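Trainee: Got a structure here, written out as C-alpha cells. Questions coming.
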Amino acid sequence: MIAVNESKCPNCGGKLVGYDTVYRTLITKNRKKYRILLLRRRCKGCNKIHTEYTEDMIPYKRYEAEMIYGVLDGFITPFVIGFEDYPCEKTMERWLSQKEQLLLWRNPK
Ligand SMILES: [Zn+2]
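Reading the sequence shown from the start, the letters are residues 6 to 114 in this note's numbering.
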C-alpha cells in the first residue's frame, strides 16, 4: 500500500499511474461498518498495482485508524464508556504490542 498521491513505485521506483478504485470496509465504534473508496495506481515499470491508503485507515487493519490510534494513545481502553466490549481486550492488546510499527502509518499533521 502507498500513501495518497505517492508518485513512485515502492517496489521498483517506477512511475505510478491511476488504475481504478476499490471499496474497503472499515469498522468503527460499536461495530459499525462503513465503506471508503480507495484509489489504486499501477506501476509503469513493474506493472504492480498499489492501493492508496487514506488517513482513515491503517494498511492491513480492518478497524478505522482513529480507533486504533485512540488505543495506542491510551484514550480508548476497556474501561472507557462505549468501548467496554468492543474492540475486545485481546484486539487492543495486539495493537499495543504492534505500537511502534502501527505509528509509522500515522500521517503527520
Ligand atoms: Zn514498480
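The beta carbon of each residue, even a glycine, is placed where N, CA and C say it ideally should be. Here the structure is a predicted model, which is why all the values come from computation and not from measurement.
Considering only their Cβ atoms, is the gap separating THR33 from LEU43 smaller than 9 Å?
Mentor: Cβ atoms of LEU43 and THR33: not closer than 9 Å.
Trainee: In whole angstroms, what separates the C-alpha of MET62 from that of THR30?
Mentor: C-alpha separation (whole angstroms): 10 Å.
Trainee: Out of GLY19, TYR68 and ILE41, which one is the CA nearest neighbour of THR26?
Mentor: Nearest of GLY19, TYR68 and ILE41 to THR26, Cα basis: ILE41.
Trainee: When you compare only the Cα positions, how much space is there between VAL22 and ILE7?
Mentor: When rounded, the distance between both Cα atoms is 13 Å.
Trainee: Taking 8 Å as the cut-off, is the CB of LYS38 close to at least one heavy atom of ligand 1?
Mentor: Flag unset: Cβ of LYS38 not near ligand 1.
Trainee: Is it a yes or a no for the region 73 to 82 touching the region 97 to 109, going by three-plus beta-carbon pairs under 8 Å?
Mentor: With a cut-off of 8 Å, the region 97 to 109 and the region 73 to 82 count as touching, because enough Cβ pairs lie within range.
Trainee: Tell me whether the beta-carbon of GLU11 lies closer than 9 Å to the beta-carbon of ARG47.
Mentor: No.
Trainee: From VAL85 to PRO92, what does the alpha carbon distance come to, in whole angstroms?
Mentor: Their Cα atoms are separated by approximately 11 Å.
Trainee: Can you tell me which of CYS14, LYS49, GLU89 and GLU60 puts its alpha carbon nearest to the alpha carbon of LEU109?
Mentor: Comparing Cα positions, the closest option is GLU60.
Trainee: With H, G and I counted as helix, E and B as strand and the rest as coil, what does DSSP make of ILE54?
Mentor: The answer is strand: DSSP assigns ILE54 an E or B state.
Trainee: Confirm the yes/no value for this check: CB of CYS93, any heavy atom of ligand 1, distance under 8 Å.
Mentor: Answer for CYS93: no, Cβ out of range of ligand 1.
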